[in-house]
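S.K.: Residue numbers (our numbering), protein chains in the order written: chain A, 317 to 661; chain B, 85 to 390; chain C, 404 to 653.
Using N, Cα and C, we set each Cβ at its ideal position, and we do this for glycine too.
As the structure is a computational prediction, the values presented were derived from the model and not from experiment.
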Amino acid sequence: MTQSHTLTATGLARTTRFRLDREGWISLSLLLILVVGATVAYLAGERFFVNLASRMVIIALAGVGLNLALGFGGMVSFGHAAYFGLGGYVAGIGAFHAFDMTPALGIPFLPNGSDQMIPLWLTAIALCGLLAYGIGRLSLGTSGVYFIMITLAFAQMIYYFAISWPTYGGEDGLPIYIRNQLWGLNTNNSLVFFFLCFGLLVLALSFCHRLLGSRFGAALTMARLNPIRLATSGVEPRPIKLMAFVISGMITGLAGALFADLNGFVGTSMLDWHRSGEIMVIVILGGVGRLYGPVAGAMLFVAMEFWLGGLTEYWQFFLGLVLLAVVLFARGGVFGLLAGRSRHE
Amino acid sequence: MTLSLLFEQLLNGLQLGTMLFLMASGLTLVFGVMGLINLAHGSFYMTGAFVTAWVTGTTGNFWVGLLAGTLAAAAVGALVEFAVIRRLYQRDHLDQVLATFALILIFSEGTRWLYGSSPLWLNVPQSLAGSVRLPFGVEYPLYRLAIIGMGVLIAIGLYLLISRTRLGMRIRAGENDREMIGALGVDISTLYTLVFALGAGLAGLAGATIGALQSVQVGMGEPVLILAFVVIVIGGIGSIKGALVGALLVGLVDTLGRVLLPDLFKLFMEASAASGVGAAIASMLIYILMAIILIFKPNGLFAVKH
Amino acid sequence: MNDAVLRIQNLNKRFGALHATKDVSFNVMPGEIHALIGPNGAGKSTLIAQIAGTLPPDSGTLWLDGQTLDDLSVAARARQGLGRSFQVSSLAESLSVRRNVMMAVQALQGTSFRFWTPVNSDTSLREPAEAVLEQMALSHRADTQVAELSHGERRQVEVACALALKPKVLLLDEPMAGLGPEGTAKLTTLLETLKHQVPILLIEHDMDAVFRLADRISVLVAGEVIAHGTSETIRNDPNVREAYLGDDHA
Numbered sequence: 317m318t319q320s321h322t323l324t325a326t327g328l329a330r331t332t333r334f335r336l337d338r339e340g341w342i343s344l345s346l347l348l349i350l351v352v353g354a355t356v357a358y359l360a361g362e363r364f365f366v367n368l369a370s371r372m373v374i375i376a377l378a379g380v381g382l383n384l385a386l387g388f389g390g391m392v393s394f395g396h397a398a399y400f401g402l403g404g405y406v407a408g409i410g411a412f413h414a415f416d417m418t419p420a421l422g423i424p425f426l427p428n429g430s431d432q433m434i435p436l437w438l439t440a441i442a443l444c445g446l447l448a449y450g451i452g453r454l455s456l457g458t459s460g461v462y463f464i465m466i467t468l469a470f471a472q473m474i475y476y477f478a479i480s481w482p483t484y485g486g487e488d489g490l491p492i493y494i495r496n497q498l499w500g501l502n503t504n505n506s507l508v509f510f511f512l513c514f515g516l517l518v519l520a521l522s523f524c525h526r527l528l529g530s531r532f533g534a535a536l537t538m539a540r541l542n543p544i545r546l547a548t549s550g551v552e553p554r555p556i557k558l559m560a561f562v563i564s565g566m567i568t569g570l571a572g573a574l575f576a577d578l579n580g581f582v583g584t585s586m587l588d589w590h591r592s593g594e595i596m597v598i599v600i601l602g603g604v605g606r607l608y609g610p611v612a613g614a615m616l617f618v619a620m621e622f623w624l625g626g627l628t629e630y631w632q633f634f635l636g637l638v639l640l641a642v643v644l645f646a647r648g649g650v651f652g653l654l655a656g657r658s659r660h661e
Numbered sequence: 085m086t087l088s089l090l091f092e093q094l095l096n097g098l099q100l101g102t103m104l105f106l107m108a109s110g111l112t113l114v115f116g117v118m119g120l121i122n123l124a125h126g127s128f129y130m131t132g133a134f135v136t137a138w139v140t141g142t143t144g145n146f147w148v149g150l151l152a153g154t155l156a157a158a159a160v161g162a163l164v165e166f167a168v169i170r171r172l173y174q175r176d177h178l179d180q181v182l183a184t185f186a187l188i189l190i191f192s193e194g195t196r197w198l199y200g201s202s203p204l205w206l207n208v209p210q211s212l213a214g215s216v217r218l219p220f221g222v223e224y225p226l227y228r229l230a231i232i233g234m235g236v237l238i239a240i241g242l243y244l245l246i247s248r249t250r251l252g253m254r255i256r257a258g259e260n261d262r263e264m265i266g267a268l269g270v271d272i273s274t275l276y277t278l279v280f281a282l283g284a285g286l287a288g289l290a291g292a293t294i295g296a297l298q299s300v301q302v303g304m305g306e307p308v309l310i311l312a313f314v315v316i317v318i319g320g321i322g323s324i325k326g327a328l329v330g331a332l333l334v335g336l337v338d339t340l341g342r343v344l345l346p347d348l349f350k351l352f353m354e355a356s357a358a359s360g361v362g363a364a365i366a367s368m369l370i371y372i373l374m375a376i377i378l379i380f381k382p383n384g385l386f387a388v389k390h
Numbered sequence: 404m405n406d407a408v409l410r411i412q413n414l415n416k417r418f419g420a421l422h423a424t425k426d427v428s429f430n431v432m433p434g435e436i437h438a439l440i441g442p443n444g445a446g447k448s449t450l451i452a453q454i455a456g457t458l459p460p461d462s463g464t465l466w467l468d469g470q471t472l473d474d475l476s477v478a479a480r481a482r483q484g485l486g487r488s489f490q491v492s493s494l495a496e497s498l499s500v501r502r503n504v505m506m507a508v509q510a511l512q513g514t515s516f517r518f519w520t521p522v523n524s525d526t527s528l529r530e531p532a533e534a535v536l537e538q539m540a541l542s543h544r545a546d547t548q549v550a551e552l553s554h555g556e557r558r559q560v561e562v563a564c565a566l567a568l569k570p571k572v573l574l575l576d577e578p579m580a581g582l583g584p585e586g587t588a589k590l591t592t593l594l595e596t597l598k599h600q601v602p603i604l605l606i607e608h609d610m611d612a613v614f615r616l617a618d619r620i621s622v623l624v625a626g627e628v629i630a631h632g633t634s635e636t637i638r639n640d641p642n643v644r645e646a647y648l649g650d651d652h653a
């Protein structure tokens, strides 16, 4: 038995990259469903459903970001709305100043606002990285419940700041009148925008895949499984976790920038702690620590929102029941149900 | 800034601190004894407020309503503990967060279903209406003063409960050693239900009393819940004393910051910008306070060993 | 005394009224197994924690290969060349044996902030790890999950992880505990050959193993080193017999 185990394991190590296992097939199918669904809806003239698919993709991206910290780094952040919202506000504020032709934040020596997606995305990623670095530095000194509450509290701080700062709409939020631009593409076309988001999601997934298989990923995995072992091996756990936390915030921030452009609006609801909870729910629904878990989670979540929301105004009541059932009885989420226990190594 | 305004705001800060203590003591007790993080604690606050408003509306008596609201919150707490929470004690914090987040969704939407989206109103009882004259020429609402008084009584009551009674002894034993208390032959599940119901009842009482100052609406418990989190992070999770100190600190800093900061910024900024920046900074003040305390005391002011 | 690999000087630790580590000094020389023995409650765990870096001493100094370890974190001490195993096995249960060992190889090679090259096919990580596993006679278990290993095998993997760091000294915390006669014999043989590669500070309960293996022994009683010396000296030391072995052995 030992013999055959060793054989299959070595065999796997050689061929994994070229052969899909069950989890791989499910992941691929999810991406295919999104692409085919959005394209068919577009051809049928159903813009609403194309946007629904874009919404799934963007929320999945936010979840991919959180999953890096939560699923792979074991850091239960209850404040990822901060990055989601900050990313959104970067897109919104950039567009606002581009529209007004005033310098960013109204500070004279800063360049004018921008309605170009690439610089906006880069700004969102950089600022979210910075914010995550600050929050991570302070929060990673603690663990367990403290970490959960502190990340939540810092996200609330950003939320209240946004509410009480009147320049960018305060409680009313900030509309984006014209969707931000990318080179010569027509970003107003729903399918073009969908594929932009989809491309970024695939990029983020591949990046995370690569990252998790790297030396950094090995250290991060060890930091989650057994930080004492990691330290005894000579690697400080905290910088590893902090780096993962920063990257996690960056990815979620990028999703926020896309989300603001999708809705043509950014408001404090993107910073609300319910949002943090939702991103977390998406990760859990899909299956914690599964790379494609957030994709499944986001698809399920947005589908439920649409379907239950159409049936009853109180759809969140049922979302609560579903979530409770998943936590109590189906811990592995969608991937746990479909693909069995997660692979190790 | 006059002295009387400052004094008045000081009292307002105390009153907010009192409310936060009622919320935070339940949270911290539940964490200390059962090791559970409960996001749905704000739902008990809301339950207390809704039931009080509803019963007061039907009976016309605020005190009956207050009693009903507090008891209803405690009862709902016991029920929730029995149905859901006790399955979570052995789970990790992530599961606890998610399950209690699910409970928030169920409670909030359920309440909206029952009562509709428009807020209920609850009036200050006749006997506590009006205001009293205090030093520095302050006319302060009697009701708010009564809240502060109630907070003091409850803090003393909790202290006596925990230090003097058999239940308190078991709670302390449970905080120190969860296995040990089982070995002592104490019925743990009953103890846990009791502690949880006690925390829920205190939250319900807080919601009920605040209901008369604000409108009673869905989601009212959430801002308070997050403030209560800040309180127990500052005070040290699991410590009742920490909850008290943290609650007063947060109540005072938040209230006074909102009044003082805009004025402070007016000293070196033009007035409209000063009030904007001042308000924005003031809204972040308690989180900044929390961050500073965490840098020096990562486990809070009155850290409890676990 | 400058050629000592690990030098511990005047270490003190108090917990309130309890003086848990009392002016402890000893050293580990190249090529030797230095055993630290003592009855339960003598303060062995407290001492190990201070050497490994999980507990800061009140006073005293540690040198490893001429460099001080004071104020260094656990990870920094490991990088300086302090390899250790734990009394209660501390491995990543859900990972394979190889991946556990590869972590130490990775640390030895420097930065973990490399985000692109996959570790699974990285021969510069795999080969050193496999070499250590072979030395420990664990090659056949390389792909096995730690969770599936026997108690003795875990001990071996811990030592393998420590060895992969190419340590200057090896700190083994009760490696024989719970092993049974056969496992103890195997590990004893292994440590005998290992000491020529890296000196060992052995904290151990199993007296037979200690007297067989140790070149020198220090005896810790109530936080204090009451005797130093070879097996022979310690065996005959009246203080040790009284304090450690108790009257019925005297």
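Can you list, in chain order, the residues of its chain whose CB lies under 7 Å from that of Q453 (chain C), leaving out five sequence neighbours each side?
M.R.: L414, K416, T424 and P460
S.K.: Please classify Q375 (chain C) as buried or exposed, where buried requires at least 16 other C-beta atoms within 10 Å of its C-beta.
M.R.: This structure does not reach residue 375 (chain C), given that chain C is present from 404 up to 653, and the question cannot be answered.
S.K.: For Y129 (chain B), is the classification buried or exposed, using 16 other Cβ atoms within 10 angstroms of its Cβ as the cut-off for buried?
M.R.: buried
S.K.: With a CB to CB cut of under 6 Å and the five nearest residues on each side skipped, what residues in its chain are close to A357 (chain A)?
M.R.: F365 and V366
S.K.: In terms of residues, what are the limits of the beta strand (DSSP E) holding I606 (chain C)?
M.R.: I603 to I606
S.K.: By alpha-carbon positions, which one of A:E339, A:R371, A:L336 and A:G422 ends up nearest to G353 (chain A)?
M.R.: A:R371
S.K.: Just checking my contact of Q472 (chain A) with Y371 (chain B) at CB under 8 Å: how many whole Å lie between their CB atoms?
M.R.: 7 Å
S.K.: Label Q93 (chain B) either buried or exposed according to how many other C-beta atoms from any shown protein chain fall within 10 Å of its C-beta, with 16 as the threshold for buried.
M.R.: buried
S.K.: In whole angstroms, what is the alpha-carbon distance linking M610 (chain C) and P543 (chain A)?
M.R.: 32 Å
S.K.: By DSSP's criteria, K569 (chain C) is part of a beta bridge. Which residues make up the other side?
M.R.: Looking at the DSSP assignment, K569 (chain C) forms no beta bridge with any residue, so it has no partner.
S.K.: Any beta carbon of chain A sitting closer than 9 Å to that of M368 (chain B)?
M.R.: yes
S.K.: Look up P425 (chain C) in the DSSP assignment and say whether it is helix, strand or coil.
M.R.: Contrary to the premise, residue 425 (chain C) reads as Lys rather than Pro in this sequence. Three-state result, K425 (chain C): strand.
S.K.: Against P521 (chain C), what residues of chain A qualify as contacts under a CB-to-CB distance less than 8 Å, listed in chain order?
M.R.: R526, G529 and S530
S.K.: In chain order, what are the residue ranges of uninterrupted alpha helix (DSSP H) at least 4 long that sit wholly in the stretch 278-363 of chain B?
M.R.: DSSP runs (the alpha helix (DSSP H)) wholly in the stretch 278-363 of chain B: 305-319 and 324-350.
S.K.: Using a threshold of 9 Å, state whether the C-beta atoms of A617 (chain C) and G446 (chain C) are closer than that.
M.R.: no
S.K.: According to DSSP, is H125 (chain B) helix, strand or coil?
M.R.: helix
S.K.: Could you tell me which chain A residues have their CB closer than 8 Å to the CB of H177 (chain B), listed as they occur along the chain?
M.R.: V392, G460, V461 and I464
S.K.: Beta carbon of S497 (chain C), beta carbon of L541 (chain A): below 9 Å?
M.R.: yes
S.K.: Hey, would you say V308 (chain B) sits closer than 9 Å to M103 (chain B), going by beta carbons?
M.R.: A distance below 9 Å separates the beta carbons of V308 (chain B) and M103 (chain B).
S.K.: Within 8 Å, do at least three Cβ pairs link the stretch 280-298 of chain B to the stretch 105-112 of chain B?
M.R.: yes
S.K.: State the start and end residues of the unbroken beta strand (DSSP E) segment that holds Y475 (chain A).
M.R.: Looking at the DSSP string, Y475 (chain A) is not in any beta strand (DSSP E); the run it does join, the alpha helix (DSSP H), is G460 to S480.
S.K.: When you compare each of A:Y399, A:G395 and A:A478 to V361 (chain B) by their alpha carbons, which one comes out closest?
M.R.: A:A478
S.K.: Sort out for me which residues DSSP pairs K416 (chain C) with in a bridge.
M.R.: C:T424
S.K.: Relative to chain B, which residues along the stretch 592-610 of chain A have a C-beta separation below 8 Å, given in chain order?
M.R.: G593, M596, V597, I600 and V604
S.K.: Mind pulling the chain B residues with CB within less than 7 Å of S480 (chain A)?
M.R.: A363, A364 and S367
S.K.: I'd like the list of long-range same chain contacts for A535 (chain A), defined as Cβ closer than 7 Å, with 5 residues on each side in sequence excluded.
M.R.: L546, V551 and I556
S.K.: Report the CB separation of G161 (chain B) from F280 (chain B) in whole angstroms; it is logged as a contact under 8 Å.
M.R.: The C-beta distance from G161 (chain B) to F280 (chain B) rounds to 5 Å, short enough to fall under 8 Å.
S.K.: In chain A, which residues lie with their C-beta within 8 Å of the C-beta of L494 (chain C)?
M.R.: N542 and R545
S.K.: For I606 (chain C), which option in C:A478, C:T520 and C:L623 has the closest C-alpha, if you only look at C-alpha atoms?
M.R.: C:L623
S.K.: Any Cβ of chain B within less than 9 Å of the Cβ of W589 (chain A)?
M.R.: yes
S.K.: How big is the Cα-Cα spacing for D337 (chain A) and V380 (chain A)?
M.R.: 21 Å
S.K.: Between Y399 (chain A) and chain B, is there a C-beta pair that is closer than 9 Å?
M.R.: no
S.K.: Within a Cβ cutoff of 7 Å, which residues of the same chain sit near D468 (chain C), ignoring the five residues on either side of it in sequence?
M.R.: Excluding positions up to five away in sequence, the list reads V408, G484 and K571.
S.K.: If we define contact as Cβ-Cβ less than 9 Å, is I372 (chain B) a contact residue for chain A?
M.R.: yes
S.K.: Can you check whether the C-beta of W623 (chain A) is within less than 9 Å of a C-beta belonging to chain B?
M.R.: No, its Cβ sits nowhere closer than 9 Å to a Cβ of chain B.
S.K.: Output, in chain order, the set of chain A residues within a Cβ distance shorter than 8 Å of M506 (chain C).
M.R.: A534, A535, M538, R545, L546, S549 and V551
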